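Numbering-wise (this note's numbering), the sequence shown opens with residue 2 and increments by one. Presented below is the structure to which this report refers.
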Amino acid sequence: MVLVVHDPERGDLRELLDFELDLAFGSDENAFELTCAEGLAPAEGQLVFVDGSEYGGVVDEASYEAGREATGTVTCKGRTWHGVLAGKRLLPDSGSGYLSVSGKAGDVLASLVGRMGLSGLFSAAPDDTAVSYTFERFCDGYSGLKALAKANGRKVAMRRKGGKVEISLPPAVDYASKVDSDLLDFTLTSVHRCVNHLVCAGTGELEDRAVVHFYADAAGNVSHTQSLFGVDEIAALYDYSNADEEKLEEEGRKKLQEYQTQGSVEVEAHDDIDVDVGDVISARDNAHGRTVTATVAKKIVNVSRGVATYSYEVGSETTTKTSSSGTAESSGGGHAYLAGKGLSLDGYTFSAEVDAAALAAVESKAVAAEKGASDAAAAAAEASESAAGAASTAEEAAAAADANKKAIAGKQDKLTAGANVTIDGATISAEDTTYDEATPSKAGLMSAADKDRLDKAIKSGDELMTTNPFTPGSTLYISKIDNALYAADKRFNVSGKMISGDGAETELSAVNLAAPFAGDYEKQVIIQPGSTMVLRIRFDNQYYGQFPGYPYGYIIISFYFALGPKSVTVRAYNAYEPQGTGWKTLDGEKMSSSSYRLAWRFRNKYYGIQEFEVTIEGAASGSEGRTSLSQIEMHLDRPYSGRNPFLSKYAAEELYYPLTAPKFIGNLQGTADAAKTADKATTASSADSAATADRLKTARKVAIAGAVNGSATWDGSGDLAITVTGDSAAAGFLAAHPVGFYAETSGADPNDYGGTWERAPSVGPHTWLRTK
């Protein structure tokens, strides 16, 4: 069993093979819990489903563990299709007391789905069977559909079909001949006597209250005639406080019928028995000769590693319940009210009645209040005297506090205020040290010009490259690792089509065009058996309409696990005349290392590449009978390494895992250059040294510029000391442009601002590389 992850905007994204699914629907829950690998988990709002079944729903929340003990899995929870319906209400039309439907089953279902605003997710199966039903007021969508189905001898069924969840009302099935103790594990409860006398109490008080009695006989038939007495009689109260006798007649009968049951059975299937909610199970225990018949109320599905098991909840146990309650509505709606003590209710009017007992209670409270007032006056006089004493005490306390403060001041450590801090007695205050916003004429944390350059350097959504696989001067912020075709769908012109076995052609979607170049092994393009995919990568939007660099290298095409192709072909269109213009078929081979078990590589030995064409013929391979293309990459023989060292995606322990946090990687080239320079300095000849010393006959001025400024004159007669002052603007510029940074200018030399910069080949603006 395979689980499909679907995005409402992008369509089907991938299939999950290794997952744990716990799903329940019917009388309650109508929810699921999915556990799978973190990199494959669906996002909130996406759909998951087993295609062709009713198992699926929408993801509402996701949780995962982080830290040293993290399992690397994500647990997603959400509503099943049944739960989505249960979240809607079937409301009557304005001016109507109830919602009633009748007509062909397919048309009725379609109208109900539209009424609930779910036509984008659900569809109705065609069905000409006549059905009719009047719904309870304000019932939820799923309960209403189940009630409609039950009233017409049917059940609610769903399955994912044609991009939607198809709802149908097939006949309910009686599995009396299939459910047996030899086929199932079940717990059977047989009920001899359930509630058979229901006292229904409605509106009114005491002797004026509406009361209706209903009785059930031994077979469960409900009437007003009692047939069970003594120990066989089990009575219950149905408190329906605002229902009149007519309403009690209707609802009381239904309530007592709900109590009638032969028992309950909890079923766990261990063979191929897959029944639906609404089907009837007649469970017989051959060992004890007992039988219970009940309707399936709830279905529980557990899927682990593609294998599904089913369990069911059916029937109900009601032998000990002795009371129920309900509410009724008047024609205008609203809430039911009861008149309490001292109040009378006449229609919609409340009246207050005060008797002698109530007046006596008020008089008693008044006497108590008078006594309380007298006691309060006496207490006020005492409080006045206490206040005078308190004032004297306060003066004495103030004097003592002042003396204590002086004593402490003589003993405490002396505090010294630092920069931007003041001390006033026992109060320490800090001054506001917030800098003003930087401007072109006023330095701050960073000059405005530097900030503008930095803001333009990398834009939101860009990925900072860790290496440049192309020629010097290229400005690429989306290259990932050493793959020259990373994000090719965004940088070049990529198109493709799927050709079925009968020759029908279908253009590839944007999602499928992007997946092979995403740098993510888990993204896949499915090629069905007998179909062929043709993918074209054109460079007509590049300089000279050709591949933007030295194209010699390998094109690597990888496939998902064991889902390989029947054949793979790669062609290149060469525009370099000395090598012969036109289409060239590249030499390819299956990579023999176990790390590349399902990867093919093709050698490109042509220079003027205007287009690559990849053709993959699908084959029935592995357990799924399909081909899953994962990634198309290109690794060049001569990537430009002057910017940063590059990492190989195929290095040990890094197979198929993209970088998760791209960051600056220091330039190692500068270190090698420095070592060479130092080596030359230590091997200089003595003659060169003497010549160098002779040059100091004339005093020389030494100046320092950049992040600091300072100068001194030195003739070699003693140590050199230079006093420097900080230049915050230069410091901000150097901090914003570290070694290895490329900058573009309209002609200005960045060496004037600090650091050591070298011109780099470029087309258009001047490009500079900071080397020191």
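Glycine included, each C-beta is placed from N, C-alpha and C at the ideal position. From a predicted model like this one, the values you see are computed outputs, not experimental measurements.
Limits of the beta strand (DSSP E) - the one that residue i falls within
i	result
glutamate 21	21–27
alanine 63	57–65
alanine 200	The question names alanine, but residue 200 in the sequence shown is valine. Unbroken beta strand (DSSP E) run through valine 200: 198–202.
asparagine 494	494–500
alanine 236	236–240
leucine 86	That residue, leucine 86, is in no beta strand (DSSP E); its alpha helix (DSSP H) goes 82–87.
lysine 591	588–591
asparagine 484	Segment: none, asparagine 484 is in no beta strand (DSSP E) and carries neither H nor E.
alanine 761	758–761
methionine 534	533–539
glycine 554	554–560
valine 1	Here the chain covers residues 2 to 773 and nothing more, so residue 1 does not appear.
histidine 738	Neither: histidine 738 is in no beta strand (DSSP E) and is coded neither H nor E.
glutamate 506	506–508
aspartate 8	4–8
glutamine 632	628–637
threonine 772	Segment: none, threonine 772 is in no beta strand (DSSP E) and carries neither H nor E.
cysteine 37	32–38
arginine 15	12–17
Residues near residue i in its chain [Cβ-Cβ closer than 6 Å; skip 5 each side]
i	result
valine 495	Ala489, Leu514, Ile538
alanine 585	Strictly speaking, residue 585 in this sequence is lysine, with alanine absent from that position. Ala573, Asn575, Tyr607, listed in sequence order.
serine 595	In this prediction, serine 595 has a pLDDT of 43, which is less than 50 and means its spatial position is unreliable; nothing more can be read from the coordinates.
valine 59	Leu48, Gly79, Arg80
valine 75	Glu39, Ala42, Ala63, Tyr65
Own chain, CB closer than 8 Å to residue i, minus 5 neighbours either side, in chain order
i	result
alanine 653	Its pLDDT being 30, under 50, alanine 653 is placed unreliably by the model, and the measurement read from it follows with that caveat. Counting only Cβ-Cβ distances below 8 Å, and skipping sequence neighbours, we find nothing.
alanine 131	Ser103, Gly104, Lys105, Ala106
Limits of the alpha helix (DSSP H) - the one that residue i falls within
i	result
tyrosine 260	246–260
aspartate 108	106–116
leucine 514	511–515
Residue i to residue j span [Cα, whole Å]
i	j	result
valine 6	alanine 42	8 Å
aspartate 61	serine 191	40 Å
leucine 24	aspartate 128	28 Å
arginine 604	alanine 158	54 Å
alanine 761	phenylalanine 734	20 Å
lysine 78	isoleucine 301	15 Å
tryptophan 769	glycine 550	19 Å
valine 85	valine 308	25 Å
glycine 98	aspartate 521	57 Å
threonine 472	valine 615	In this prediction, threonine 472 scores a pLDDT of 43, lower than 50, which makes its location untrustworthy; the coordinate-derived value is nonetheless stated afterwards. Roughly 25 Å between the two C-alpha positions.
alanine 140	tyrosine 487	Checking the sequence shown, residue 140 turns out to be cysteine, not alanine. Looking at the two C-alpha atoms, the distance is approximately 53 Å.
aspartate 280	serine 28	13 Å
serine 228	glutamate 45	58 Å
glycine 104	asparagine 153	12 Å
valine 111	glycine 504	Here residue 111 is alanine; the residue named in the question, valine, does not match the sequence. Their Cα atoms are separated by approximately 36 Å.
glutamate 21	glutamine 611	47 Å
alanine 600	glutamine 580	28 Å
aspartate 8	leucine 14	7 Å
histidine 636	phenylalanine 560	17 Å
serine 649	leucine 18	No answer about serine 649 holds up, because its pLDDT of 33 lies below 50 and its placement is not dependable.
glycine 57	valine 51	6 Å
threonine 468	glycine 741	Because the pLDDT at threonine 468 is just 48, under 50, the model does not fix this residue reliably, and the value given afterwards should be weighed accordingly. So the two alpha carbons sit approximately 11 Å from each other.
alanine 558	serine 144	Strictly speaking, residue 558 in this sequence is isoleucine, with alanine absent from that position. Their backbone Cα atoms lie some 51 Å apart in a straight line.
valine 213	leucine 149	28 Å
proline 751	tryptophan 758	7 Å
alanine 211	glutamate 252	14 Å
glutamate 590	glutamate 745	43 Å
arginine 602	serine 631	14 Å
Proximal residues to residue i (C-beta, below 7 Å), its chain only, five neighbours per side dropped
i	result
lysine 606	Tyr553
glutamate 55	Trp82, Ala158, Met159, Arg160
threonine 507	Lys498, Met499
aspartate 689	Note that aspartate 689 scores a pLDDT of 49, beneath 50, so its modelled location is shaky; the value from the coordinates is reported in the next line. Taken in chain order, the list of residues that qualify is empty.
threonine 72	Glu66
serine 568	Glu618
threonine 582	Asn575, Ala576
isoleucine 527	Arg627, Ser629
Cutoff 8 Å: residue i Cβ touching any chain D Cβ
i	result
arginine 116	Among the chains of the structure shown, chain D does not appear; only one protein chain is present.
Is the region 196–214 in contact with the region 166–177, if contact means three or more CB pairs nearer than 8 Å?
no
Going along the chain, which unbroken runs of the beta strand (DSSP E) with 3 or more residues stay wholly within the region 204–233?
212–217
Start-end ranges of the beta strand (DSSP E) lying completely within the region 120–184, minimum 3 residues:
123–125, 131–135, 158–162, 165–169
Decide yes or no for the touch test of the region 236–247 against the region 191–202: beta carbon pairs closer than 8 Å, at least 3 of them.
The region 236–247, when compared against the region 191–202, does touch it at the 8 Å Cβ threshold.
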